[in-house]
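What follows is one structure encoded as structure tokens, with my remarks underneath.
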Amino acid sequence: MKEYTFEDYRNIVENHLMDFIPDVDHKSITLYESMKYSLSAGGKRIRPVLLLATCDFCGGSIEEALPYACALEYIHNYSLIHDDLPCMDNDDLRRGRPTNHKVYGEAMATLAGDGLQAAAFEVMNHDMLLYFDDPAALKKRIRASYEISKGAGCRGMVAGQVADMEAEDKNCSQEMIDYIHLTKTAALIVAAVRAGAQLGNCDPEMLAQLTIYAENLGLAFQICDDILDVIGEEEKMGKKAGMDSINKKATYPALYGLEKSKEHLEELTDTAIEALARYYDNAEVLTKLAKDLEVRGK
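For our numbering, count along the sequence shown from 1 and bump the result up by 3.
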């Protein structure tokens, strides 16, 4: 049995990411090009990798989980397109390239985000239809789709974006910042892990531990991002540094400073890894991802 690395999972995603984009009429070719522009910009693909790695960890099929992994990346990319718009964070650079609206205009960028979001649910629903006569397999897919839908919507990522916008230029408590991070960023990471677990053969106890892992990883991921916005180099990050300060965002460094933020990043990483301690030998990709995140934020 092959043991996959992070790069193995990432390559699988890269090789199939465009496979599930629906065919478009030639009259809509600009929409397709705008969608493809953001999807092909690279990135770490952390969310789909987490889904595949968790599914594999839980004894599921990577091939069967692939539509859901790609759907999750479509949702993530739609959120980035919208997040970069002038009405949101007003960013000009993403992954080392001009943001979507800088190339295609605000209206087309908005529609490209809409198209990617819709494509995600088309992909998942199409896959579910293939298993309509297999109740057990269908149930797994419905549960995975539910996790992704919940993480992306008004109880997850979208709610976090609203809270993030409304918190600008305000004195926020740690409780409020945690809420923003748990919804805006961690929700899709939790969705990735829980969806992967549902597509595998995960028992309730393991699902609970994986959820603890994902919540702490998601918080750590955003705190790491906040730290890098202060100390990171634009060339390495692929986006402008210092934007959180310019936009007066509610972040851990703004509330506590860099050193305490780094300490909390380490605490969250330790908690995430500890949640998988009993499965450590079989969860190398998941634990290594958490450790690598901590290193990036130091």
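In this text, a Cβ means the ideal position worked out from N, Cα and C, and glycines have one as well.
Rounded Cβ spacing between residue i and residue j (contact assumed at less than 8 angstroms)
{"i": "THR188", "j": "GLY154", "result": "Not a contact, Cβ separation roughly 10 angstroms."}
{"i": "MET246", "j": "ASP229", "result": "With a Cβ gap of about 11 angstroms, MET246 and ASP229 do not count as contacting."}
{"i": "ALA198", "j": "ALA147", "result": "4 angstroms"}
{"i": "LYS251", "j": "ASP137", "result": "So it is not a contact: roughly 52 angstroms between Cβ atoms."}
Beta-carbon proximity of residue i to residue j, cut-off 8 angstroms
{"i": "ILE180", "j": "THR254", "result": "yes"}
{"i": "ASN103", "j": "SER41", "result": "yes"}
{"i": "LEU75", "j": "LEU191", "result": "yes"}
{"i": "HIS184", "j": "LEU222", "result": "yes"}
{"i": "TYR216", "j": "LEU279", "result": "yes"}
{"i": "TYR71", "j": "ILE145", "result": "no"}
{"i": "MET168", "j": "SER82", "result": "no"}
{"i": "ARG100", "j": "ALA170", "result": "no"}
{"i": "LEU258", "j": "CYS157", "result": "no"}
{"i": "ALA123", "j": "TYR182", "result": "no"}
{"i": "ALA121", "j": "MET38", "result": "no"}
{"i": "LEU34", "j": "GLY118", "result": "yes"}
{"i": "PHE23", "j": "CYS73", "result": "yes"}
{"i": "GLY196", "j": "THR8", "result": "In the sequence under discussion, the amino acid at residue 196 is Val, which differs from the Gly named in the question. No, these two residues do not count as a Cβ contact at 8 angstroms."}
{"i": "PRO51", "j": "VAL106", "result": "no"}
{"i": "ILE234", "j": "SER264", "result": "no"}
{"i": "ALA275", "j": "ALA293", "result": "yes"}
{"i": "ALA112", "j": "ILE84", "result": "yes"}
{"i": "LEU296", "j": "PHE224", "result": "yes"}
{"i": "ARG98", "j": "GLY63", "result": "no"}
Sheet register partners of residue i (DSSP bridge)
{"i": "LEU96", "result": "PRO101"}
Residue-chain proximity (residue i, chain D), Cβ-Cβ < 8 angstroms
{"i": "ILE32", "result": "No chain D appears in this structure, which consists of one protein chain only."}
Closer than 7 angstroms: residue i CB and nearest the ligand FMN heavy atom
{"i": "VAL161", "result": "Ligands displayed in this structure: none; no statement on the ligand FMN is therefore possible."}
If we require 3 or more residues per run, which beta strand (DSSP E) segments fall completely within the segment 210-238? none
Using 8 angstroms as the threshold, is the segment 130-137 in touch with the segment 82-100, meaning 3 or more CB pairs across them? no
Tell me whether the segment 50-57 and the segment 11-27 touch, counting them as touching only if at least three CB pairs, one residue from each stretch, are closer than 8 angstroms. yes
Contact between the segment 202-216 and the segment 57-73: three or more CB pairs below 8 angstroms? yes
3-residue-minimum beta strand (DSSP E) runs that sit fully inside the segment 42-71, ordered along the chain: none
Starting from the N-terminal side, write out each stretch of the alpha helix (DSSP H) that is 4 residues or longer and does not extend beyond the segment 73-145. 103-107 and 109-132
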